[in-house]
Amino acid sequence: ATLRSDLTEQQFNTWIKPLLVIEDEEGPSLTLLAPNKFVVNWVQKNYLEQIKVAAEKRLRAKTTVAISVGDKRLAETGNRNEQPEIKRSSVVGAPMNPLYTFEGFVAGKSNQIARAAAIQITENPGTSYNPFFIYGGVGLGKTHLMQSVGNRISAINKGTKIAYVHSERFVGEMVSALQHNTINSFKNQYRSLDVLLIDDIQFFAGKERSQEEFFHTFNVLLEANKQIIITSDRYPKEIRGLEERLKSRFGWGLAVCIDPPELETCVAILKVKASLEGFEIPEEVAFFIANKIRSNVRELEGALRKLMANCRFTNRAPSIDLAKESLRDLLAIQAKQITIENIQKTVAEYYNIRISDLLS
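Take the sequence shown: its position 161, counted from the start at 1, is 141 in this note's numbering, and no numbers get skipped.
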């Protein structure tokens, strides 16, 4: 009861409720079983100490608390030394973030088309906008939106085979399969999917063997009306080092850009993210931060975390003055003067050329 009252309903339902508990009959010890490694890492980092305190209050003794991945059968046997049979999840590949949902994705003019298309895909996967290509700068919510689709489809139909994979991981898995002569198994794993979510496709640039394999996987899935969602930091035709046949296929469905959020959306993002953490941010403070940091959502969230930490460590209420103090270094970077020289330097670094070549 104490733990439930200390956390918001969202925090408790997302991170604590899914845990299964094994009590050690020989002493004050608890083992928590989580559904996946992502939850294990998050609970260890953010809630394990609170769980330990709550357990000690209930058991009235010093208690050790451990957490690992496990299932209901292990909890029922109570035998931590018995290794449960691993059941293949409907979501294969890298674990998806359970917080990446449509409810937590703040819509605005910069992303409303992408969000609307993503929601429609969950209603008719494989037939609405296939492939679905989301592009835009770093930290604008591409991965969040893509995984929102995966999480909702998985919730609707637990048997759906979904893989979320970063393109670098795809390359690494393929290289490993070639080295260990398991390439057929690798192909079958990806070509038997119902939904493939592949992040940062631009990392395929220049990797001919990986592009070849993905090309054939793409064709197999598309011909079977399986949903493919791809993200990139740029429009398909602008990805240098990517084969034309892949660029062409990425244009068969719908390609949508997510732009940097406008001021009002930034404010809404701050308020939603703060609420999820049980933190109330005043309107004027949210507007102050949003006005100063509008490049991407990731930096906004980072600024909010800094402010929340400062409030908790100093026991002060959030204010514009405290925001200025907490974000001093970040605001200094944002306020850096934009000059012709800086623009030239950025362009030269991006295209890997010398400034003298740019000016010639």
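A virtual CB, placed ideally from N, CA and C, is assigned to each residue, including glycine.
- Unbroken beta strand (DSSP E) stretches of 3 residues or longer found wholly inside the stretch 167 to 207: 175 to 179, given in chain order.
- Taking one beta carbon from each stretch, the stretch 86 to 98 and the stretch 183 to 194 have fewer than 3 pairs nearer than 8 Å; the two do not touch.
- Less than 7 Å separates the beta-carbon of F268 from that of A303.
- Between the stretch 100 to 118 and the stretch 249 to 264 there are fewer than three C-beta pairs closer than 8 Å, too few to call the two in contact.
- The continuous alpha helix (DSSP H) containing A157 extends over residues S147 to Q159.
- By the criterion of a C-beta distance shorter than 8 Å, T81 is surrounded in its chain by S128, N131 and R132, once the five residues flanking it on both sides are discounted.
- Under DSSP, Y215 takes part in no beta bridge, so it has no partner.
- Its Cα nearest to that of A289, the residue E305 stands out among R(-16), E305 and E218.
- Secondary structure note for G116: its beta strand (DSSP E) is the uninterrupted segment F112 to G116.
- When DSSP assignments are scanned along the stretch 243 to 314, the uninterrupted stretches of alpha helix (DSSP H) that are 4 or more residues long and fall wholly within it turn out to be 243 to 256, 263 to 272, 277 to 294, 300 to 306 and 308 to 314.
- Residue pairing by DSSP puts L13 in a beta bridge opposite L0 and S48.
- Looking from the CA of P241, the closest CA among E281, L222, K138 and L176 belongs to E281.
- By the criterion of a C-beta distance shorter than 8 Å, H146 is surrounded in its chain by A74, I178, D179, D180 and F183, once the five residues flanking it on both sides are discounted.
- Between the stretch 112 to 124 and the stretch 271 to 285, the count of C-beta pairs closer than 8 Å reaches three or more; the two stretches touch.
- CA-CA distance, F112 to N199, rounds to 14 Å.
- With respect to Y115, S212 sits close: the two C-beta atoms are nearer than 7 Å.
- According to DSSP, L234 shares a beta bridge with F112.
- Cβ atoms of I2 and T(-12) stay farther apart than 8 Å, at about 26 Å.
- Short of 6 Å from the beta carbon of I163, and not among the five residues preceding or following it, lie these beta carbons of its own chain, in chain order: A157.
- Under the DSSP assignment, L125 falls in the alpha helix (DSSP H) whose first and last residues are K122 to I136.
- Inter-residue distance for E263 and G84 is about 19 Å (C-alpha atoms, whole angstroms).
- In this model, I31 and K(-3) are separated by some 12 Å (Cα to Cα).
- Taking a C-beta distance under 7 Å as the contact criterion, G106 and K206 qualify as a contact pair.
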